[in-house]
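Peer 1: Next up is a structure, given as structure tokens.
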Ligand SMILES: Nc1ncnc2c1ncn2[C@@H]1O[C@H](COP(=O)(O)OP(=O)(O)OP(=O)(O)O)[C@@H](O)[C@H]1O
Ligand SMILES: [Mg+2]
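Residue numbers (my numbering): 1 to 457.
Shown next, in the form of structure tokens:
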């Protein structure tokens, strides 16, 4: 939308609108001069103008309808092509390539059909308006001949009117086409407004927190889809402690960690950091307090060095390398031809899942913020790497507020507090030992993982 619609609007407003305005002004001036010479001949020349413009204006609604459909077909095709390229690997492994491409073929046909209909619609109205304009020359000839026979005008004036009438309509024909294009930008403008109308999170730049305890107080939340994801979540993640969020997949762990950093605003309850309501703090200011390692790592098509430096823009090369060492990036960076200066491809596609995750952890080490959110931060690592990084993490998290999400109970067992999230609510919380003795869900999860160790394929 941003790229396509902007280009369409730029074309319309910097090329069509000035041309339209220019031809309207020149036509008005010529028409005034014609009236000054002879009002009857002038009337014979310009009576077609209001009719031609009225046709174009009345056709606007129909053109807009066609254009909306055509833009929708374009969007469906563009999304389809992008999805196809991104998921080619999965399409191939599931033998779904052929049927997907068939669907894409249908979308291409649909775009073609929609474009033809839209162009035909526009052409029909523009052609009928320009045809009407041509009538102007005929009426000038007819009225002129009649006035000439009656001796009310002379031959030079008659020829002058004929010449001017034939020239008068040329810029207008272009203007009518431009008018149609300007009218059809309404669809693009509406789509751009959809983006601009999105609510923007605002807040103060002044942080007033005392310490970094994170408190969830009866928090309720639903994504845009409307379905309630968190019903009533209350817990405290204390500074200097590791709080682990565990629970079944889809239970809302990632959602809780993202809400803690105000990625979305909650619908009920309150989240505070050191007593400060985070919904009143400007998101960028708030995020300076957080180091986050996401479940799905995002990397940039740049060098390892620059990908880590995203954590703190003004970090020196030495600081970046120190963070990289802590996250055990040295091991794979050394094997690459340019070491830390090697390019890693779009979203780090030239690296393995574990290597990508280590870069993301190095970023968090570099940022070194007082609050750390780790969402399955070590899930893609082998046991040796995980142990090394856990040791580095435990040095990093001293005196900090740490919220860890993990499925492996081994990762969680060292936490100071465990919060079990199930079905959008806190099912139970306490120290791992307390929960092992008195809990219902936690001992069950630990037991299942112990059993699963003996599984084989
Ligand atoms: N961006 C989103 N828009 C709409 N619904 C979402 C979005 N992200 C997650 N959900 C829904 O919210 C629920 C909780 O998701 P969440 O990612 O928090 O679970 P989770 O506990 O982290 O699961 P997992 O252990 O699999 O990572 C799920 O039912 C999911 O479908
Ligand atoms: Mg998750």
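All C-beta atoms in this analysis are idealised placements derived from N, C-alpha and C, irrespective of residue type, glycine included.
Report all residues for which the CB-ligand distance to some heavy atom of ligand 2 is below 7 Å; order them along the chain.
Peer 2: Selection output, chain order preserved: 253, 254, 295, 375, 376, 405.
Peer 1: Just to confirm, are residue 268 and residue 310 a CB contact at a threshold of 7 Å?
Peer 2: Going by C-beta atoms, residue 268 is not nearer than 7 Å to residue 310.
Peer 1: Nearest to residue 299 by alpha carbon, out of 54, 44, 355, 207?
Peer 2: Comparing Cα positions, the closest option is 355.
Peer 1: Per DSSP, which residues does residue 429 bridge with? Please list them.
Peer 2: According to DSSP, which records beta bridges pairwise, residue 429 is partnered with 419.
Peer 1: Do the region 89-108 and the region 11-27 meet, that is, are 3 or more Cβ pairs less than 8 Å apart?
Peer 2: At 8 Å Cβ cutoff, the stretches do not touch.
Peer 1: Under a three-way DSSP split, which group does residue 96 fall into?
Peer 2: In the structure shown, residue 96 sits in coil (DSSP, three-state: anything other than H, G, I, E or B).
Peer 1: Three or more C-beta pairs under 8 Å: does that hold for the region 251-260 against the region 323-331?
Peer 2: Result no; under three Cβ-Cβ pairs closer than 8 Å.
Peer 1: Can you list, in chain order, the residues of its chain with a C-beta nearer than 6 Å to that of residue 413? Leave out the 5 residues immediately preceding and following it.
Peer 2: Contacts found: 432.
Peer 1: Let me know the beta strand (DSSP E) ranges lying completely inside the region 195-230, each 3 residues or longer, listed in chain order.
Peer 2: Entirely contained in the region 195-230, the beta strand (DSSP E) runs reaching 3 residues are, in chain order, 214-222.
Peer 1: Can residue 250 be considered in contact with ligand 1, in the sense that its beta carbon sits closer than 6 Å to one or more heavy atoms?
Peer 2: Yes - ligand 1 has a heavy atom lying nearer than 6 Å to the Cβ of residue 250.
Peer 1: Assuming residue 118 contacts residue 67 under a Cβ cut-off of 8 Å, what Cβ separation, rounded to an integer in Å, is found between them?
Peer 2: Residue 118 to residue 67, Cβ: 6 Å. Contact.
Peer 1: What does residue 374 pair with, by DSSP beta-bridge criteria?
Peer 2: DSSP, once it has assigned bridges, lists 293, 404 as partnering residue 374.
Peer 1: With respect to 6 Å, is the separation between the Cβ of residue 233 and the closest non-hydrogen atom of ligand 1 below this value?
Peer 2: No.
Peer 1: Since residue 132 contacts residue 30 with CB under 8 Å, what's their CB separation in whole angstroms?
Peer 2: Going by Cβ atoms, the distance from residue 132 to residue 30 rounds to 18 Å, so no, they are not a contact pair.
Peer 1: Any heavy atom of ligand 1 within a distance shorter than 6 Å of the CB on residue 229?
Peer 2: Because some heavy atom of ligand 1 lies under 6 Å away, the Cβ of residue 229 counts as near it: yes.
Peer 1: Mind pulling the alpha helix (DSSP H) runs of 4 or more residues that sit fully within the region 55-100?
Peer 2: With a minimum length of 4 residues, the continuous alpha helix (DSSP H) runs that stay inside the region 55-100 are 88-93.
Peer 1: Taking Cβ positions, are residue 250 and residue 210 nearer each other than 7 Å?
Peer 2: No, the Cβ-Cβ distance between residue 250 and residue 210 is not below 7 Å.
Peer 1: Measure the CB-CB distance between residue 379 and residue 183 and report whether it falls below 7 Å.
Peer 2: No.
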